[in-house]
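To keep things clear, I will list the structure first and then write my remarks on it.
2 protein chains.
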Amino acid sequence: MKPLKVALLGCGTVGSAVLRLVDEQAADLTARVGRPVQVAGVAVRRPDRHPDVPAGLLTTDALGLVTRDDVDLVVEVIGGIEPARTLIQAAIEAGKSVVSANKALLAEDGVALHAAAAKAGVDLYYEAAVAGAIPLLRPLRESLAGDQIRRVVGIVNGTTNYILSRMAETGHGFAEALAEATELGYAEADPTADVDGFDAAAKAAILASLGFHTAVTAADVHREGISSVTATDVARAAEIGCTVKLLAICERVPANGDGEGESVAVRVHPAMIPTSHPLAAVGGAFNAVFVEAEAAGQLMFYGQGAGGEPTASAVLGDLVAVARNRVAGAAGAGPTAYADLPARPIAETPTRYHVSLDVADVPGVLATVATAFAEHGVSIATVRQDGHGDAATLVIVTHSAPDAALSATIAALREVPAVRGVTSVLRVEGLS
Amino acid sequence: MKPLKVALLGCGTVGSAVLRLVDEQAADLTARVGRPVQVAGVAVRRPDRHPDVPAGLLTTDALGLVTRDDVDLVVEVIGGIEPARTLIQAAIEAGKSVVSANKALLAEDGVALHAAAAKAGVDLYYEAAVAGAIPLLRPLRESLAGDQIRRVVGIVNGTTNYILSRMAETGHGFAEALAEATELGYAEADPTADVDGFDAAAKAAILASLGFHTAVTAADVHREGISSVTATDVARAAEIGCTVKLLAICERVPANGDGEGESVAVRVHPAMIPTSHPLAAVGGAFNAVFVEAEAAGQLMFYGQGAGGEPTASAVLGDLVAVARNRVAGAAGAGPTAYADLPARPIAETPTRYHVSLDVADVPGVLATVATAFAEHGVSIATVRQDGHGDAATLVIVTHSAPDAALSATIAALREVPAVRGVTSVLRVEGLS
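Line order of the protein sequences matches chains A and B.
Just so we're aligned, residue 10 is where the first sequence starts under our numbering, counting upward by one.
Just so we're aligned, residue 10 is where the second sequence starts under our numbering, counting upward by one.
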């Protein structure tokens, strides 16, 4: 049997795990695919840094490799926009099916790449781009293809999850927890992509696109990172039976009666969630994603969100799928984007807030504060007032209101003379 | 566009939900599939009992319906072996792709049905057969196709899970909890399939077949139900920080050095698991399945395991998949069974036991008991001894040993004069 030949682009942690697993599992892959699967070449920038890879496979000419006549399938694990985009486009145009783990590229340019793949009759799969080893994109795209997904909420970034877990455990602030994460290798030297939410936002865009059958790019995602989460926020969360998590939230907002059509609201921000919520128990480098669908109800997917081997597992699952399709002489069904829903700005997206205030303990202060909420049309769900000396702490959890109304309320509270300080503001999710 | 026509076999809770969802989501299904999907007929035994179904669709001639020239796809939600088997075979031979929710049939006859589907070049999908709405079979078959699955452990029967949860909450025995479940509609009038583990065993056979690429039938599954679980078992579990669950456990047992080849061990039985284990928190009618794979590590899938709408969601996901394949003119890749692994008998399968004994509180009784374990080659992990008057309770948790050695130990203990009673014996899973 003629083997299917694979071009591997990139040979870092994930790439080298892919290379090893394709070799170790050669017999299984042959049986599962129906033909042997062989790595035909590995494109890297610095061949001398890959002594473990057979020298005959290594090349610096990635473009030459992906367009080689004998290459059937391309695995891209370089990451980042360029040169990954150019290489994937060239591969697709040359009739190769592509497996990618590239969340940034798919979130930015998924529509164009999918169109190119459909035109060329090849596959473009990228299960590894979101939540590592967790089978998530295939379930969204295929298993739930006969259902209406309403909401996807997940912890999709292990670095920030580790940092927030450590803040809760130690009482430390963000800077100390980040320093610890960096030292232990859980955070990269430049942690921006993780801590500022770029990584999670790219994943949210991909989840929303697949889940809602519409094009969502990273630019459509409202993004707030965790660098402004304070030890006080984390302590306040614990006081109300919550824990702080960086959430990626994708919602399909129904049309309202006022002529406003359906839309999607996609956002990444830290939020307090009840400790009884299944996502609250997701610790360290694990990822978990909740999906709410009309007929299926609530589903949860849990597993390792990163790492060489887990990510390689997802890459290889896709590799088997595109290889089987190649053997069958057909491409699989790509995602659809027919719904064409606009992205709803965060200002108009309904959210709930937790607000802690230091106030003067004088009669009427609660009334004044409550008035500020009411004037912005924000309804209060719970208030706790703790007096201490001439001061008091007010802890308020609101009902759901447009985010702009909530922000405006906070701004107004900062101007109230009896409010000495707004000590903690965080959105709240998952409260009934 | 010419619609794809669907024959629906059965119109109970699941069938009527399928019928409704196909109608309600007509526009979405058309966009996702690329052609409209239309129900062409509904086969039922008693048409007069389905006043909600358009009379023109109803027929009692199921065989005529599935072989009708204009029918492209068949959805079977009758359940049970016959007439489902005959109808599915006829459909496949007539070139129709089939979606089924029939765990009993797939667990008994999956190999033959898959062979028939492969020969006819049609699809046979059955995501709804295991764990209702939870996308599980597609992830096993496709997402993890490039990995080596070692173990699948799940709670896959909602009725028994409800009964065991209630026993833990109320302290009641099995009979009372079953009566309550029956009254509330969580258990069927004849609860045998659920409480005796037949339902879970069929699901375990399907999971093992897909996960290990080998043919496993329900007859290969060691099966124990929950009817012999006592209030004492549940109380003892709580005392050692555990909870009792009915587990479906599928393991791939590696070859050993003694020339014994690789095998699969598949079993369904009640077991104590630590309350800290993620499966312990799965309550009521929910299902959850843990998958352990070489590269992916641990994954968990959670959601509603039964019910009309959740099951219909899974059926519709498969319906979209087979419809897309039909539009593309190709069948999807079926499961592979190349591994051809023998089923390991429960006697040779390593398990761990919890044993509670009422013993005479005399010197040397622990030594006598410990000797009984040692003589059978069973190593003890922990012992707790609580004296009260002239009697004492011994609570023993063993290390892993072949199940036969553990059973033989229990039998031997019953003959020890100082042992007044063996008050609780249950396997233990998930302890480190």
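The beta carbon of each residue, even a glycine, is placed where N, CA and C say it ideally should be.
The structure displayed is predicted, hence computed values, not measured ones.
Practice task
List the residues of chain A whose Cβ lies closer than 7 Å to the Cβ of G159(B), in chain order.
Solution key: The sequence given here has Arg at residue 159(B), not Gly. The contacting residues do not exist; R159(B) stays about 12 Å from chain A at best.
Practice task
Pull out every residue of the stretch 125-149 of chain B whose Cβ sits closer than 7 Å to any Cβ of chain A, in chain order.
Solution key: E136, A142, I143, P144, R147 and P148
Practice task
Would you list the residues sitting across from L13(A) in a DSSP beta bridge?
Solution key: V46(A)
Exercise for the section: Out of L219(B), A401(B) and A35(B), state which residue places its alpha-carbon closest to the alpha-carbon of R393(B). Expected result: A401(B)
Practice task
With distances taken Cα to Cα, identify the nearest neighbour of P426(B) among V406(B), A381(B) and T407(B).
Solution key: A381(B)
Practice task
Between the Cα of V48(B) and those of D132(B), A315(B), V62(B) and A16(B), spot the shortest distance and give me the residue it belongs to.
Solution key: A16(B)
Problem - Alpha-carbon spacing of T320(A) relative to D349(A), whole angstroms - result: For T320(A) and D349(A), the gap between their C-alpha atoms comes out near 30 Å.
Handout entry: For D267(B), three-class secondary structure by DSSP
Key = coil
Handout entry: Residues that DSSP places opposite Q98(B) in a beta bridge
Key = Bridge partners of Q98(B): none, in fact.
Handout entry: Inter-residue Cα distance where the pair is A413(A) and T168(A)
Key = 29 Å
Practice task
Excluding the 5 residues preceding and the 5 following A305(A) in the sequence, name in chain order all residues of the same chain whose CB lies nearer than 8 Å to its CB.
Solution key: The residues are L153 and D156.
Problem - Cβ shell of S365(B) (< 6 Å), same chain only, five flanking positions each side left out - result: R245, V404, T432 and S433
Problem - Residue range of the unbroken alpha helix (DSSP H) whose run includes V31(A) - result: T22 to E33
Practice task
Please decide whether F221(B) counts as near chain A, where near means a Cβ-Cβ distance under 8 Å.
Solution key: no
Exercise for the section: Tell whether a beta-carbon distance below 8 Å holds between L173(B) and I235(B). Expected result: Cβ distance < 8 Å, so L173(B) and I235(B) count as in contact.
Exercise for the section: Find the residues of chain B that neighbour S322(A), judging by a C-beta separation of less than 9 Å, and give them in chain order. Expected result: S152, L153, G155, D156, A302, E303, A304, A305 and G306
Handout entry: Span separating the alpha-carbon of V42(A) from that of L82(A)
Key = The straight-line gap from Cα to Cα measures roughly 13 Å.
Exercise for the section: Please confirm whether S106(B) and Y135(B) have their CB atoms less than 8 Å apart. Expected result: In this structure, S106(B) keeps its C-beta atom at 8 Å or more from the C-beta atom of Y135(B).
Problem - Helix, strand or coil at N296(B) according to DSSP, with G and I counted as helix - result: When DSSP states are grouped into helix, strand and coil, N296(B) belongs to the strand group.
Exercise for the section: Please compile the residues from chain A whose C-beta is within a distance smaller than 9 Å of the C-beta of R41(B). Expected result: Correct list: A154, G155, H222, A342, T345 and Y347.
Handout entry: Contact set between the stretch 322-337 of chain B and chain A, restricted to residues whose Cβ is under 9 Å from the partner
Key = S322, A323, V324, L325, G326, D327, L328, V329, A330, R333, N334, V336 and A337
Exercise for the section: Apply the 10 Å Cβ neighbour rule to M10(A) and answer buried if 16 or more other Cβ atoms are within range, or exposed otherwise. Expected result: By the Cβ neighbour-count rule, M10(A) is exposed, with fewer than 16 other Cβ atoms within 10 Å of its own.
Problem - Reduced DSSP category for A302(B) - H, G, I as helix; E, B as strand; rest coil - result: strand
Problem - First and last residue of the uninterrupted alpha helix (DSSP H) at A121(B) - result: Where A121(B) is concerned, the enclosing alpha helix (DSSP H) stretches over K112 to A129.
Handout entry: Per-residue DSSP class, three states only, for L72(A)
Key = helix
Problem - Interface residues of chain A facing P319(B) [CB-CB closer than 8 Å] - result: Going along chain A in sequence order, the residues near P319(B) (Cβ under 8 Å) are A304, A305 and G306.
Problem - CB contact flag (T358(A), A420(A), <8 Å) - result: no
Exercise for the section: Can you grab the Cα-Cα spacing for the pair E91(A) / A100(A), in whole Å? Expected result: If you take the alpha carbons of E91(A) and A100(A), they lie about 14 Å apart.
Exercise for the section: Name, please, each residue of chain A whose Cβ falls closer than 8 Å to the Cβ of G312(B). Expected result: A305, G306, Q307, L308 and M309
Exercise for the section: State whether the stretch 329-339 of chain A contacts the stretch 250-257 of chain A, with contact taken as three or more CB pairs (one from each stretch) at a distance under 8 Å. Expected result: Counting C-beta pairs with one atom in each stretch, the stretch 329-339 of chain A and the stretch 250-257 of chain A have fewer than three that are closer than 8 Å, which means they do not touch.
Practice task
In the DSSP assignment, find the beta strand (DSSP E) that holds L149(B) and state where it starts and stops.
Solution key: L149(B) -> no beta strand (DSSP E), and no H or E assigned at all.
Practice task
Please report the residue range of the beta strand (DSSP E) in which Y195(B) lies.
Solution key: Here Y195(B) belongs to no beta strand (DSSP E), and DSSP marks it neither H nor E.
Problem - chain B contact for A376(A) (CB, 8 Å cutoff) - result: no
Practice task
For L38(A), go through chain B and note every residue whose CB falls closer than 8 Å to its CB, in chain order.
Solution key: G155
Problem - C-beta atoms of K14(B) and D79(B) nearer than 8 Å - result: yes
Practice task
Starting from Y362(A), follow the beta strand (DSSP E) in both directions and report where the run begins and ends.
Solution key: P359 to A369
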